[in-house]
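Down below is the structure, laid out as structure tokens.
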Amino acid sequence: MILVTGAAGGLGTLIAERLADRDDTVLGTREPSRLETPLPVRRIDFDDPDTLVTGFQGVAVLLMISAGYGEDDTVIARHGTALDAAEQAGVRHVVYTSLTADGDHLPYALPHRWTERRLRRSAMDWTILRNGLYAELLARLAAPSEDGRITAPLGEGRLAAVARADLADAAARVVVDAGAHAGQVYELVGEQAVGGADLARAHGPHIAYEPETLARVRSRLAATGIEPFQVPMLVGTYSAIAAGFMSHTGGDLRQLLDRAPRPTHPVPDTLGRS
Numbered sequence: 170m171i172l173v174t175g176a177a178g179g180l181g182t183l184i185a186e187r188l189a190d191r192d193d194t195v196l197g198t199r200e201p202s203r204l205e206t207p208l209p210v211r212r213i214d215f216d217d218p219d220t221l222v223t224g225f226q227g228v229a230v231l232l233m234i235s236a237g238y239g240e241d242d243t244v245i246a247r248h249g250t251a252l253d254a255a256e257q258a259g260v261r262h263v264v265y266t267s268l269t270a271d272g273d274h275l276p277y278a279l280p281h282r283w284t285e286r287r288l289r290r291s292a293m294d295w296t297i298l299r300n301g302l303y304a305e306l307l308a309r310l311a312a313p314s315e316d317g318r319i320t321a322p323l324g325e326g327r328l329a330a331v332a333r334a335d336l337a338d339a340a341a342r343v344v345v346d347a348g349a350h351a352g353q354v355y356e357l358v359g360e361q362a363v364g365g366a367d368l369a370r371a372h373g374p375h376i377a378y379e380p381e382t383l384a385r386v387r388s389r390l391a392a393t394g395i396e397p398f399q400v401p402m403l404v405g406t407y408s409a410i411a412a413g414f415m416s417h418t419g420g421d422l423r424q425l426l427d428r429a430p431r432p433t434h435p436v437p438d439t440l441g442r443s
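Going by the working numbering, the first residue of the sequence shown is number 170, and it counts up by one from there.
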């Protein structure tokens, strides 16, 4: 049996859609009522260990989507609890959605690397999918304002953005043939690098790109009322892109998909789609 965690949001929803016609797949989410799916659904909440002990029963392959919403210690605790429960339940193979190696400069990299290390030390087989940053994320980080400006602290940096739909396709292909991918670490980044000026051109001649400072965007983000831990996460993402650490293209995506990745040329209606 295959169990997909985090199936009620973002990447998990897309993966669930790709596995919807299988009779050996179960979806896990903390809020089962949110899912409209033909597949069986179990309540899986990384903050509630009791749901993991029962929810992982009978599971051979666990697709563990990172529970990254929180401070590092919170995320590490969630992932550690989940992997402990998986071992206890007899799960044989864990496929984990991690972060691209170039993302080591990002503020949220540490829990991913901790989880990778924990998997390597486990008794289970494992596969690590090191996902790049979504094209859809870049579109949100550098969205045009009403007055026709893209104002973001990206400098001249570029992002090897990857379509979230391609990451879902890759994860679905791996999880249904997990044994063939045991012990593998895949770097899944885009084949095009996109920057602020590219985004502006894609939106049309009436849009201008104006780099701003990290200090200014930090103040602006803090004023929006988002969670305190989110401010350094977003500022750090801008900083890593601007410094040129996220522009490396290529990797293993084409190999896993057995086709060319979707274009991530920054046309607005392309970047915004799943």
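Just so it is clear, CB atoms sit at the ideal spot from N, CA and C, and this is done for glycine as well. As the structure is a computational prediction, the values presented were derived from the model and not from experiment.
According to DSSP, is residue i helix, strand or coil?
{"i": "residue 407", "result": "helix"}
{"i": "residue 388", "result": "helix"}
{"i": "residue 245", "result": "helix"}
{"i": "residue 323", "result": "coil"}
{"i": "residue 437", "result": "Caution is warranted here: a pLDDT of 46 is assigned to residue 437, below 50, making its placement in the model unreliable, and the coordinate value is therefore given only provisionally. Correct three-state label for residue 437: helix."}
{"i": "residue 172", "result": "strand"}
{"i": "residue 267", "result": "strand"}
{"i": "residue 420", "result": "strand"}
{"i": "residue 415", "result": "coil"}
{"i": "residue 205", "result": "coil"}
{"i": "residue 275", "result": "coil"}
{"i": "residue 348", "result": "helix"}
{"i": "residue 134", "result": "Residue 134 cannot be examined here, being either before or after the span of the chain that is shown, 170 to 443."}
{"i": "residue 427", "result": "coil"}
{"i": "residue 442", "result": "Note that residue 442 scores a pLDDT of 38, beneath 50, so its modelled location is shaky and nothing firm can be said."}
{"i": "residue 370", "result": "helix"}
{"i": "residue 192", "result": "coil"}
To which residues of the same chain is residue i closer than 8 Å at the C-beta, ignoring the five residues directly before and after it?
{"i": "residue 361", "result": "329, 330, 418, 432, 433 and 434"}
{"i": "residue 222", "result": "254, 257 and 258"}
Can you tell me which residues form a DSSP beta bridge with residue i?
{"i": "residue 197", "result": "211"}
{"i": "residue 262", "result": "230 and 294"}
{"i": "residue 377", "result": "318"}
{"i": "residue 365", "result": "According to DSSP, which records beta bridges pairwise, residue 365 is partnered with nothing at all."}
{"i": "residue 328", "result": "363"}
{"i": "residue 303", "result": "331"}
Start and end of the beta strand (DSSP E) containing residue i?
{"i": "residue 294", "result": "294-300"}
{"i": "residue 396", "result": "That residue, residue 396, is in no beta strand (DSSP E); it is neither H nor E in DSSP."}
{"i": "residue 356", "result": "354-357"}
Excluding the 5 residues flanking residue i on each side, which residues of the same chain have their C-beta closer than 7 Å to its C-beta?
{"i": "residue 408", "result": "383"}
{"i": "residue 402", "result": "276 and 277"}
{"i": "residue 193", "result": "170 and 171"}
{"i": "residue 341", "result": "184, 187 and 188"}
{"i": "residue 356", "result": "269, 270, 299, 420 and 421"}
{"i": "residue 293", "result": "255, 256, 260, 261, 262 and 263"}
{"i": "residue 281", "result": "235, 267 and 268"}
{"i": "residue 363", "result": "307, 327, 328, 330, 433 and 435"}
How would you write the range of the alpha helix (DSSP H) that residue i sits in, first residue to last?
{"i": "residue 288", "result": "278-289"}
{"i": "residue 338", "result": "333-344"}
{"i": "residue 219", "result": "218-224"}
{"i": "residue 182", "result": "180-187"}
Leaving out five residues on either side along the sequence, give the residues of the same chain with a beta carbon under 6 Å from the beta carbon of residue i.
{"i": "residue 398", "result": "240"}
{"i": "residue 214", "result": "199 and 220"}
{"i": "residue 182", "result": "none"}
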